[in-house]
Amino acid sequence: MARHHQVLIIGGGTAGITVAAQLRRKDRSLGIAIIEPSEVHYYQPAWTLVGAGTYDLQATRKPTTDFIPSGVTWIKERVATIAAAENKVTLQTGEDITYDWLVVAAGIQIDWHKVKGLPEAIGKGGVCSNYGFEKAPYTWEVLQSLKAGDKAFFTQPNTPIKCGGAPQKIMWLTADYLRRNGLQGKVAVEMMSPGTMLFGVEVFRNALLKVQARYGAKWSHYTNLVEIRGDKNEAVFDQIDPATGAVTGQRVEHYDMIHVVPPQSAPDFIKQSDVANADGWVDVDKHTLQHNRFPNVFSLGDSAGTPNAKTGAAVRKQAPVMVANMLRVMKENKVTEDKRYFGYTSCPLTTGYGEMLLAEFDYDNNPDPSLPINTTKPRWSMWLLKKYVLPVMYWQGMLKGRA
Ligand SMILES: Cc1cc2nc3c(=O)[nH]c(=O)nc-3n(C[C@H](O)[C@H](O)[C@H](O)COP(=O)(O)OP(=O)(O)OC[C@H]3O[C@@H](n4cnc5c(N)ncnc54)[C@H](O)[C@@H]3O)c2cc1C
């Protein structure tokens, strides 16, 4: 007979652990299991600072076992498929596990292979990325090697990504590093983005345009990285027609540094399961986080098919909503009336060493501030928040179900 758990959580990252901890605090009688293959839990937001040489890489990871709440079963395996119609999950080992309630929190998949030549080129020859524990330190190495006459590019893919601000955060930090080392204007700094604008929320966009002007950085829109020729230090970009979205031509650039944010998508096993929507994400109601077709399935975090910017900060607001709704459905077969998620996300935009702008906004791109100060301007206090306060809040608060 298949193993059975009352509540089964797929993924023990930011969302999975937070939900498990909150459920345990609310109801210790629940039988909860987390399926998570990784022995290590990462604090990914600090990888931007690692890439800029201002954070200890080792402090961004801790053993997963330290964060599995007591009384929760840890299944150290990888899920191969979900059959929600049968209340069943199948592991890569072939074992089936059944459940009464399912939470899908498996994060986002990084598709390195979707840029030709990138898997071979990454981590050497100036090709770097903050998207990975073992990758981020090389960004700092490349950054320090820049010299007059060099060209530094920063890319953004044409897919949803985790932390929409990450592509530009490292660009501003690089620009500031160059300024502090007498290289501003001597090293070309350019963002290559398929998007239409620098940032979707006007008040933050205006502030960021000033940051761009201050550094003299270039920003190319409608430009999408499609190939890295690592042997020649060349990057190939599609040029997109703004009106039709069609590719109108290609631009080939020599680079000395290229920080790549890779294409990303829903994890393949979710795309192939019955819980997925047409785009592959878990098909949940964007306010209640309950599945649109399977009432005993919930999802949050990067895997969820909610149209917010995907961040850990979004998870912090989603988790109490999801937990309250799931507990209410368990008891009364309906979601609560008062717990809704309105798309809150927050993007701590490091605009230089020692300064940060905190962009908080909702589904409608309306500012959604949580602090009693004006965070639309780069501030030293926000830098302290990012570097010293948020990591402690994460490890000690959020993952313990307290924040
Ligand atoms: C460079 C960078 C900078 C960032 N900066 C910020 C920031 O400043 N602020 C912010 O709020 N957020 C930031 N983020 C984003 C943030 O880290 C994520 O949005 C957040 O971790 C999402 O939580 P999650 O639980 O959905 O996914 P994750 O935390 O990624 O966890 C997903 C888990 O699912 C597991 N999993 C995957 N596949 C399977 C499977 N088949 N079976 C079982 N388990 C599986 C994985 O092992 C993983 O542990 C940043 C991310 C990066 C990479």
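Its first residue numbered 0, the sequence shown is counted upward by one per residue in numbering that gives the first Met the number 0. Beta carbons: idealized from backbone N, C-alpha and C, even for Gly.
Using DSSP bridges, identify the partner residues of residue i.
i: residue 404; result: No statement about residue 404 is possible, as the shown extent of the chain runs from 0 to 402 and does not include it.
i: residue 345; result: 359
i: residue 201; result: Beta-bridge pairing links residue 201 to no other residue.
i: residue 352; result: Looking at the DSSP assignment, residue 352 forms no beta bridge with any residue, so it has no partner.
i: residue 290; result: 283
i: residue 411; result: As shown, the chain starts at 0 and ends at 402. That puts residue 411 outside it, with no answer to give.
i: residue 41; result: 60
i: residue 34; result: 9 and 74
i: residue 191; result: 154 and 219
i: residue 87; result: 82 and 97
i: residue 233; result: 228 and 253
i: residue 115; result: 226
i: residue 161; result: 309
Would you kindly work out how many angstroms separate the C-alpha atoms of residue i and residue j, rounded to a whole number?
i: residue 110; j: residue 220; result: 22 Å
i: residue 318; j: residue 6; result: 15 Å
i: residue 8; j: residue 62; result: 18 Å
i: residue 23; j: residue 255; result: 50 Å
i: residue 78; j: residue 289; result: 20 Å
i: residue 258; j: residue 128; result: 5 Å
i: residue 194; j: residue 260; result: 14 Å
i: residue 120; j: residue 398; result: 35 Å
i: residue 403; j: residue 249; result: Outside the shown range of the chain (0 to 402) lies residue 403, about which nothing can therefore be said.
i: residue 285; j: residue 229; result: 41 Å
i: residue 46; j: residue 337; result: 36 Å
i: residue 217; j: residue 75; result: 46 Å
i: residue 133; j: residue 335; result: 42 Å
i: residue 245; j: residue 13; result: 37 Å
Just to confirm, does residue i get its C-beta within under 6 Å of one of the non-hydrogen atoms of ligand 1?
i: residue 169; result: no
i: residue 28; result: no
i: residue 369; result: no
i: residue 55; result: no
i: residue 309; result: yes
i: residue 314; result: yes
i: residue 106; result: yes
i: residue 185; result: no
i: residue 134; result: no
i: residue 111; result: no
i: residue 78; result: yes
i: residue 268; result: yes
i: residue 47; result: yes
i: residue 257; result: no
i: residue 121; result: no
For residue i, which residues of its own chain have a beta-carbon under 7 Å away from its beta-carbon, when the five flanking residues on both sides are left out?
i: residue 354; result: 377, 378, 379 and 382
i: residue 53; result: 352
i: residue 313; result: 307, 343 and 344
i: residue 19; result: 8, 31, 33, 68 and 71
i: residue 116; result: 226, 227, 228 and 229
i: residue 145; result: 151, 177, 182, 186, 255 and 256
Residues in its own chain within less than 6 Å of residue i by CB, not counting five upstream and five downstream?
i: residue 331; result: none
i: residue 48; result: 54
i: residue 295; result: 100
i: residue 15; result: 8, 33 and 104
Ignore the nearest five residues each way along the sequence and tell me which others in residue i's own chain have a CB closer than 8 Å to its CB.
i: residue 384; result: 347, 355 and 357
i: residue 1; result: 87, 94, 95, 96 and 97
i: residue 326; result: 22, 25 and 26
Please confirm whether any heavy atom of ligand 3 lies closer than 6 Å to the CB of residue i.
i: residue 127; result: Here the bound small molecules are ligand 1; ligand 3 is not part of this structure.
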